[in-house]
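Here's the structure, in structure tokens; my notes come after.
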Amino acid sequence: MFNRKYIEIIISIFFIVLAALLYGSADTVNQAVSQASTDSTSTYVDTLAIVLGIAGAIELVMSIISSPSMLEFTKNPSKFILLIISLIGYVWIMEYIGFIIATLLFLPVTMKIMGYKSTFKALIISIGITLFVYLLFQVGFEILLPEPTIFEGVE
Amino acid sequence: MILLEALQAVLAYDVIIAVVIGTISGVIIGGMPGLTATMAVALLIPITFSFTPLIGLAIMGGVYAGAMYGGSIPAILLSTPGTPAAAATALEGYPLTKQGKGGLALKVSVVASFVGGTFSVIVLLAIAPILADFALKFGPPEYFLLALMGLTGVVSVASGGLTRGIISGLIGLIIALIGTNPMTGMVRYDFGIIDLYEGVSFMPALIGMFSITQMLALTSEKNITSGDIDITTIKREKMPKGMWPFIGLGTGTGTVVGIIPGEGATIAAFVSYNMAMAKSKIKELFGKGNPEGIAAAEAGNNACVGGSLVPLLTLGVPGNTVSAALMGGLMIQGLIPGPELFTTHGVITYGFILSLFIANIVFLVVGLFFAPYFAKISQIPTSILIAAISVFAIVGSFSMNNSLFDVWLMLIFAFGGFFLDKLGFSLSAIILGMILGPIAENGFTQALTISAGDSSIFFASVTAKVLWVIIIVLLIQPLFSHFKDKREKAKALKNE
């Protein structure tokens, strides 16, 4: 549980700062060969920045005057955090060990984390899903899936 | 002539197979609580990429139509709407199931869905070419205002309030600035990352915000469905009398609501349901199992399908997130939504519209004969669902450009989207901002360049004035509701 009021104040300030940075960058970042194009592009970016700044300021005032309340991101923080970690881990290892091995590791681990009881069934289902995705994408539609890079150069 | 060619193309066996597979997949996905039509279409786009444009679009259209209907099956049999749009159906459907009339509720639902869906496609077929022709007269200021109108529609119905809706839309527009400036060709806001030269692709964002965020939310749920179902107890029943006026009511309401940007199938279903309640002669049965409510709600949400495609196909403005995902599918096939779709790519576009008729017939047959079996699928454990959908989302994001950078981007959007969603920001507005950003920027900058910086160009034409009126009405509507709610709350407090 988090204090909603403080989170809302921080996020409102973030949007105001973002608006200021965007406004400041409009002229320098949107340089063009023609002055007319530079001006119109800068005006567009400036307009977005001004509206964001105003909306952020309104949100900030509303957050400050609002009564305190709690914000619950999830009812099950451990499962939530473990899913985030396993997703990041899955993508990270996929780069090295490729799609098939990474998926064969990710699926049963995630299923167990999420509360699936039978390890044997989890393994069978994982093999089935991995095979299905591989056949569908790589074989059926000839869409490339990440290949292992860890063995590159090894004869 | 084009229509005949399109009909010939759509009646090819491979297109029909595509529609059948797409529609059945849609019914299955729509029938699984936690999985939405947007997610289904977004996850399918990488697969449809390898097909011809018509087959790809036929699959996606089938999924859209099937998912809209599929949501009603667990809503009726398990009191768990498969999609948010089926929530109104659950109010009447589940009490009927408890009374042993689940078969009757399923029959009313599928017939109403079929009528609503089919009528809205007829409207799409009739209106779209006229509107597309009219859009040819649009210049840069009108295109800017059109993008603004599309975004305002979504912002105005954002659940977290108008200011957060506006901020959400602006986040999308700002993300759309990243990459090569369309006017000058210069790269901007790329932070030195080469993968950002082409900008932030909206497909990883869409998949992240509408698939993985959903999976993160599901970690809180032990079981998605609240009941169990014995399919042997469901009897086939005849269509009850007196349903047609309510089906007609839902069909008309859903089609109109679908055309309005931002107003999705959930709103269509509830507006139709409330109108049916007001019109009914047996009001006292509402909430206790009145098939009239199911007829109106289901006709309403399915009629949104054709309606929401009108602004997408003719003006390139997606009215809701499903049509935004469909827009991604169109663009990947090299089809830019707008007037050209009905001229240069007429056979594909009309073929796609005609394929929606077939999709409606497919889910009618599936619904009439196999609906209870689909309810069983909705009972797949969340642990398997979360793991499997995550794999599809990651593979889908990777396969668009064979890039792991896109996968990381998808995860950033997923985690950021989850956080913003919890704070009441609108993910639909963010994604529409990203899609409409280039249209808005091109229109804005070109208009100002033409007029040498004179902003009165945005008010010059009659079309521009009409678009301004619509934008203002869309913005006033939530403010009006906000003050009305406040006044009613104050009244209630005073009475206490």
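Keeping their order, the protein sequence lines are chains A and B.
Everything in the first sequence is counted per the working numbering, starting at 8 for the first residue and increasing by one.
Everything in the second sequence is counted per the working numbering, starting at 306 for the first residue and increasing by one.
Just so you know, even glycine gets a beta-carbon here, dropped at the ideal spot from N, CA and C.
In this text the structure is predicted, and so the values were computed from the model without any measurement.
Residue environment, residue i, which counts as buried when at least 16 other CB atoms sit within 10 Å
i	result
B/Gln-638	buried
B/Gln-313	exposed
A/Lys-86	buried
B/Gly-406	Note on residue identity: the sequence assigns Lys, not Gly, to residue 406 of chain B. So B/Lys-406 counts as buried.
B/Met-306	exposed
A/Leu-59	buried
B/Arg-493	buried
A/Gly-151	It should be noted that the sequence gives Leu, not Gly, for residue 151 of chain A. Looking at its Cβ environment, which holds fewer than 16 other Cβ atoms inside 10 Å, A/Leu-151 is exposed.
B/Ala-600	buried
B/Ile-350	buried
Cutoff 8 Å; reference residue i; Cβ partners in own chain excluding five residues on either side
i	result
B/Ile-682	Ile-333, Gly-336 and Met-337
B/Leu-728	Gly-465 and Arg-469
B/Met-632	Leu-617, Gly-621, Pro-623, Pro-642 and Ile-740
B/Gln-519	Gly-339, Leu-340, Thr-341, Met-344 and Ile-694
B/Ala-380	Pro-386, Gly-387, Ala-391, Ala-392, Thr-394, Ala-395, Gly-398 and Tyr-399
B/Val-426	Val-610, Gly-611, Ile-658, Leu-661, Phe-662 and Asn-665
B/Thr-423	Phe-662 and Asn-665
Through-space distance from residue j to residue i, alpha-carbon basis
i	j	result
B/Ile-653	B/Pro-358	7 Å
B/Phe-354	A/Val-146	14 Å
A/Thr-81	B/Lys-789	32 Å
B/Phe-703	B/Val-712	6 Å
A/Ile-18	B/Phe-724	11 Å
A/Leu-55	B/Pro-487	17 Å
B/Ile-321	B/Gly-327	10 Å
B/Lys-586	B/Gly-361	45 Å
B/Gly-444	B/Ala-437	14 Å
B/Pro-550	B/Val-415	16 Å
B/Asn-800	B/Ser-786	21 Å
B/Ile-552	B/Leu-521	37 Å
Reduced DSSP secondary structure (H/G/I, E/B, other) of residue i
i	result
B/Gly-484	strand
A/Phe-9	strand
B/Val-652	helix
B/Val-505	coil
B/Arg-541	coil
B/Val-622	coil
B/Leu-741	helix
B/Met-337	coil
B/Leu-441	coil
B/Val-492	strand
B/Met-373	helix
A/Met-77	strand
B/Glu-526	coil
B/Asp-759	coil
B/Glu-597	helix
B/Asn-706	helix
B/Gly-387	coil
B/Glu-447	helix
B/Lys-546	coil
B/Gly-639	coil
Same chain, Cβ closer than 7 Å to residue i, five either side skipped, listed in chain order
i	result
B/Ala-745	Phe-449, Ala-452, Leu-453 and Leu-478
B/Ile-736	Gly-477, Phe-507, Ala-510, Leu-511, Met-514, Thr-626 and Ala-629
B/Ala-440	Thr-619, Leu-620, Gly-643 and Pro-644
B/Phe-749	Phe-449
B/Lys-588	Met-582
B/Ala-573	Thr-558, Gly-559, Val-562, Gly-563, Gly-605, Asn-606, Ala-608 and Cys-609
A/Pro-75	Asn-10 and Lys-12
B/Lys-584	Leu-554
A/Leu-25	Leu-59
A/Ile-14	Leu-78
B/Thr-802	Given a span of 306 to 801 for chain B in the structure shown, any question on residue 802 of chain B remains unanswerable.
Own chain, CB closer than 6 Å to residue i, minus 5 neighbours either side, in chain order
i	result
B/Ser-418	Tyr-374, Glu-603 and Asn-607
B/Ala-676	Ile-378 and Leu-411
B/Ser-330	Val-368
B/Thr-768	Glu-447
Closer than 7 Å: residue i CB and nearest the ligand SAH heavy atom
i	result
B/His-650	This structure does not include the ligand SAH; it has no bound ligands of any sort.
Which residues, in chain order, does the segment 704–721 of chain B contribute to contact with chain A at a C-beta distance below 7 Å?
Ser-704, Asn-707, Leu-709, Val-712, Trp-713, Leu-716 and Phe-720
Can you give me, in chain order, the residues of the segment 337–371 of chain B that have a beta carbon less than 7 Å from any beta carbon in chain A?
Pro-351, Ile-352 and Ser-355
Residues within the segment 730–752 of chain B neighbouring chain A, beta-carbon criterion of under 9 Å:
Phe-730, Ala-745, Glu-746, Phe-749, Thr-750, Gln-751 and Ala-752
Taking beta-carbon pairs under 8 Å, can you tell me which members of the segment 56–72 of chain A lie near chain B?
Val-58, Leu-59, Ala-62, Gly-63, Ile-65, Glu-66 and Met-69
Could you please tell me which residues of the segment 488–507 of chain B, in chain order, have their CB closer than 7 Å to any CB of chain A?
Met-488, Thr-489, Met-491, Arg-493 and Tyr-494
Residues of the segment 86–98 of chain A in Cβ contact with chain B at a cutoff of 8 Å, in chain order, please.
Lys-86, Phe-87, Leu-90, Ile-91, Leu-94, Ile-95, Tyr-97 and Val-98
Name the residues in the segment 677–705 of chain B whose C-beta lies less than 8 Å from a C-beta of chain A; which are they?
Pro-686, Thr-687, Ser-688, Ile-689, Ile-691, Ala-692, Ala-693, Ser-695, Val-696, Phe-697, Ile-699, Val-700, Phe-703 and Ser-704
Chain A contacts made by the segment 454–480 of chain B, where a contact means CB separation under 8 Å
Thr-468, Arg-469, Ile-471, Ile-472, Leu-475, Leu-478 and Ile-479
Using a Cβ-Cβ cut-off of less than 9 Å, give me the residues of the segment 147–161 of chain A that come near chain B, in sequence order.
Gly-147, Phe-148, Glu-149, Ile-150, Leu-151, Leu-152 and Pro-153
Within 8 Å of chain A by C-beta, residues of the segment 753–769 of chain B in sequence order:
Leu-753, Thr-754, Ala-757 and Gly-758
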